[in-house]
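K.L.:
Okay, so the sequence shown: first residue is 1 according to the working numbering, each after it adds one. Heads up, the beta-carbon is just placed ideally off N, CA and C, and yes, glycines get one too. Dropping the structure in here first, questions after.
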Amino acid sequence: MIKQEEEFSWLELKPQQKFKDDEENNILKIIQHASEFAFFVFRNKSEMKIIVRTRKNDQDLFKTIAGVSAELVERPHFGNMVTKYLKMKNNRSFVPLVDLKNITKSNLYSKLWAEQRDSMMACFVCDQTKKISFEIDRKINALERRAATKGVTLSGKNKSELAVAKQKREGHSYYSCTLVFGVQTSTPALSEIQAEKRRMIEEERNLFESRAKNLKSLDRKEFRKEYDILRESYKKAIKKIEDDFISDLKTVREDIKETTSILDKIISNVLLNSFAHRIATRKVRFSFGKKSFRQRLAEMFGMTAIDPYAFVPKKPHSKNMILTEIELAFFTSLPQEHDVQTINFGIGPTPTFVHGQTEEIGDTDLTPDFG
């Protein structure tokens, strides 16, 4: 049986120098034909990468975007990040996040680039048009039947829900989406520190036992004296490991707190004031490969984890948002002209502009190679 992650291709999208997406939204032409995909934006220290995980039979769709090169790449590495996903506070609401008749973009690229820490956005997408259309129709029918009932008057809220549900039904595709934002921590993962602590303690224990065996040739009095010295040395070594772990733990917690603050700021900057109050964030963790019993048990108590290499939001879940293609494109739109001129997206067939965040664009701003 083919593993799910083996069914995917990974593409890096590199906008060319003259690419502009200001007056339209080219991604709309793609997402309405792709059944399942994941859209990643990585902001690293010196560059930004747009990477798409797509079904192998859909990969050619992303190669049709004029002005963008799509190159097959290895799947990306996800470092130690603080991550959160977005969810609707009212899961049953059909009110669109943005105006469905106009092009609205999040300007994600410039907002990630403005931060000095490595960060990313991941959007996992599954086309659920047929299923969600049925749910919207059922909602509309229920409200219309209630409105037609003698002596019943719809509340202002229900009237609004009915109006927007009808608007959202007309000619749109619908997607189950999980949106995750993350910021890289500056310290190792706590699990790595714990593993290193266990390794060091085990090493000290083995050394203690080995040295203790060498004392057996001594007479009883001398053995007791040397053994007590050895044991005290062992205790001091273990205490130092424990103290260092407590100090490292404090540093990690402070770093996580600072990283979380940066993450919340990024999410706040990306969301529009018009709908930010309708969005909540929840912690999520990236896990890789087959989940252990302990991981599955932890998820039962609210510690959500997803595998970015294989996750597809097919089933209804509180961490999934139901978005039209217009709302989805708000988060997954391609860079605009200013983004291409001020952000390093890498080298495609035609180089992109490369320079600092506050420099003026001049004739010497083209860089043929940046390693």
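Can you give me the start and stop residues for the alpha helix (DSSP H) that Leu112 sits inside?
P.N.:
By one-based count along the sequence shown, residue 112 stands at place 112. Unbroken alpha helix (DSSP H) run through Leu112: 108-113.
K.L.:
Taking Tyr227 as part of the alpha helix (DSSP H), name the residues at either end of that continuous run.
P.N.:
As a position in the sequence shown, residue 227 is number 227, starting the count at 1. Looking at the DSSP string, the run of the alpha helix (DSSP H) that includes Tyr227 is 220-270.
K.L.:
DSSP state of Arg282, grouped into three classes?
P.N.:
Residue 282 sits at position 282 when you count from the first residue of the sequence shown. Strand, per DSSP.
K.L.:
Strictly by DSSP, which residues pair up with Val183?
P.N.:
Counting from one through the sequence shown, the residue named residue 183 turns up at place 183. Paired residue(s): Val82, Ser119.
K.L.:
Would you kindly report the start and end of the unbroken alpha helix (DSSP H) that includes Arg205?
P.N.:
By 1-based counting over the sequence shown, the position of residue 205 is 205. Its alpha helix (DSSP H) spans residues 190-214.
K.L.:
Glu325 and Gln32 look like a contact to me (Cβ under 8 Å); what is the Cβ gap, rounded to whole Å?
P.N.:
Taking the first residue of the sequence shown as position 1, residue 325 is located at position 325. Taking the first residue of the sequence shown as position 1, residue 32 is located at position 32. Indeed, because the Cβ distance is near 6 Å, the residues count as touching under 8 Å.
K.L.:
Taking Ser372 as the reference, which of Ser46, Glu161, Leu162 has the closest Cα?
P.N.:
Any answer about residue 372 is impossible in this case: the structure gives the chain only from 1 up to 371.
K.L.:
For Asp21, count neighbouring C-beta atoms within 10 Å of its own C-beta (all shown protein chains included) and say buried if the count is 16 or more, exposed if not.
P.N.:
As a first step, residue 21 must be located in the sequence shown, where it is residue number 21. It counts as buried.
K.L.:
Do three or more CB pairs link the segment 95-115 to the segment 37-54 at distances below 8 Å?
P.N.:
Verdict: yes, contact present.
K.L.:
Out of Thr187, Asn90, Gly79, which one is the CA nearest neighbour of Glu258?
P.N.:
Taking the sequence shown and counting its residues from 1, the one referred to as residue 258 is at position 258. Minimum Cα distance to Glu258 is reached at Thr187.
K.L.:
Excluding the five sequence neighbours on either side, which residues of its own chain have a C-beta within less than 6 Å of the C-beta of Gly348, listed in chain order?
P.N.:
Start at 1 with the first residue of the sequence shown, and residue 348 comes out as number 348. Legend: pLDDT at Gly348 = 47, less than 50; position of this residue unreliable, value from coordinates given subsequently. Lys14, Gln16, Ser69.
K.L.:
Within 10 Å of its beta-carbon, does Ser9 have 16 or more other beta-carbons around it, so buried, or fewer, so exposed?
P.N.:
The residue labelled residue 9 in the question sits at position 9 within the sequence shown. So Ser9 counts as buried.
K.L.:
Residues in its own chain within less than 8 Å of Ile266 by CB, not counting five upstream and five downstream?
P.N.:
Reading the sequence shown from its first residue, position 266 is the one you call residue 266. So the qualifying residues of the chain are Lys111, Leu112, Glu115, Ser119, Phe181, Val183.
K.L.:
Whole angstroms are fine: how far does the CA of Arg285 sit from the CA of Asp264?
P.N.:
For the purposes of this step, residue 264 is identified with residue 264 of the sequence shown, where counting begins at 1. For the purposes of this step, residue 285 is identified with residue 285 of the sequence shown, where counting begins at 1. Their Cα atoms are separated by approximately 16 Å.
K.L.:
In this structure, how does DSSP classify Asp127 when only helix, strand and coil are distinguished?
P.N.:
Start at 1 with the first residue of the sequence shown, and residue 127 comes out as number 127. Correct three-state label for Asp127: strand.
K.L.:
Run the CB neighbour count on Val312, radius 10 Å, all protein chains shown included, and call it buried at 16 or more, exposed below.
P.N.:
On the sequence shown, position 312 is the one that residue 312 refers to. Its Cβ being crowded by 16 or more others within 10 Å, Val312 is buried.
K.L.:
Are the Cβ atoms of Tyr175 and Val95 separated by less than 8 Å?
P.N.:
Residue mapping note: residue 175 aligns to position 175 of the sequence shown, counting from 1. Residue mapping note: residue 95 aligns to position 95 of the sequence shown, counting from 1. The answer is no: Cβ separation not under 8 Å.
K.L.:
Taking a contact to mean a Cβ-Cβ separation below 8 Å, would you say Leu215 touches Phe223 in this structure?
P.N.:
Residue 215 sits at position 215 when you count from the first residue of the sequence shown. Residue 223 sits at position 223 when you count from the first residue of the sequence shown. The answer is yes: Cβ separation under 8 Å.
K.L.:
Is the separation between the beta-carbon of Lys457 and that of Ile343 shorter than 8 Å?
P.N.:
Shown here, the chain extends from 1 to 371; a query on residue 457 therefore has no answer.
K.L.:
Let me know the secondary structure DSSP gives Glu12 once reduced to three states.
P.N.:
Mapped onto the sequence shown, residue 12 falls at position 12. Glu12: strand per DSSP, three-state reduction.
K.L.:
Report the option in Leu272, Asn273, Val270, Ile306 whose CA atom is closest to the CA atom of Lys283.
P.N.:
As a position in the sequence shown, residue 283 is number 283, starting the count at 1. The residue with the shortest Cα to Cα distance from Lys283 is Ile306.
K.L.:
Since Ile140 contacts Leu162 with CB under 8 Å, what's their CB separation in whole angstroms?
P.N.:
The residue labelled residue 140 in the question sits at position 140 within the sequence shown. The residue labelled residue 162 in the question sits at position 162 within the sequence shown. Sure, about 7 Å apart at Cβ, within 8 Å.
K.L.:
So Phe331 packs on Leu179, CB below 8 Å; how close in whole Å?
P.N.:
Within the sequence shown, residue 331 is the residue found at index 331, counting from 1. Within the sequence shown, residue 179 is the residue found at index 179, counting from 1. Contact holds; Cβ gap of about 6 Å.
K.L.:
In angstroms, rounded to a whole number, what distance separates the CA positions of Lys213 and Phe288?
P.N.:
As a first step, residue 213 must be located in the sequence shown, where it is residue number 213. As a first step, residue 288 must be located in the sequence shown, where it is residue number 288. Looking at the two C-alpha atoms, the distance is approximately 43 Å.
K.L.:
Roughly how many angstroms lie between the CA atoms of Tyr234 and Lys250, to the nearest whole one?
P.N.:
Within the sequence shown, the letter at position 234 stands for residue 234. Within the sequence shown, the letter at position 250 stands for residue 250. Cα-Cα distance, rounded: 25 Å.
K.L.:
Looking at Thr153: is its Cβ nearer than 8 Å to the Cβ of Val82?
P.N.:
Along the sequence shown, read from residue 1 onward, the residue named residue 153 stands at position 153. Along the sequence shown, read from residue 1 onward, the residue named residue 82 stands at position 82. Result no, Cβ atoms of Thr153 and Val82 do not sit closer than 8 Å.
K.L.:
What residues in its chain sit with their C-beta under 8 Å from that of Ser268, if we drop five residues either side in the sequence?
P.N.:
Locating residue 268 in the sequence shown gives position 268, where the first residue counts as 1. For Ser268, where only same-chain residues beyond five positions count, the Cβ hits under 8 Å are Ala276.
K.L.:
Please classify Thr324: does DSSP put it in a helix, a strand, or coil?
P.N.:
Counted from its first residue, the sequence shown places residue 324 at position 324. Reduced to three states, the DSSP call for Thr324 is strand.
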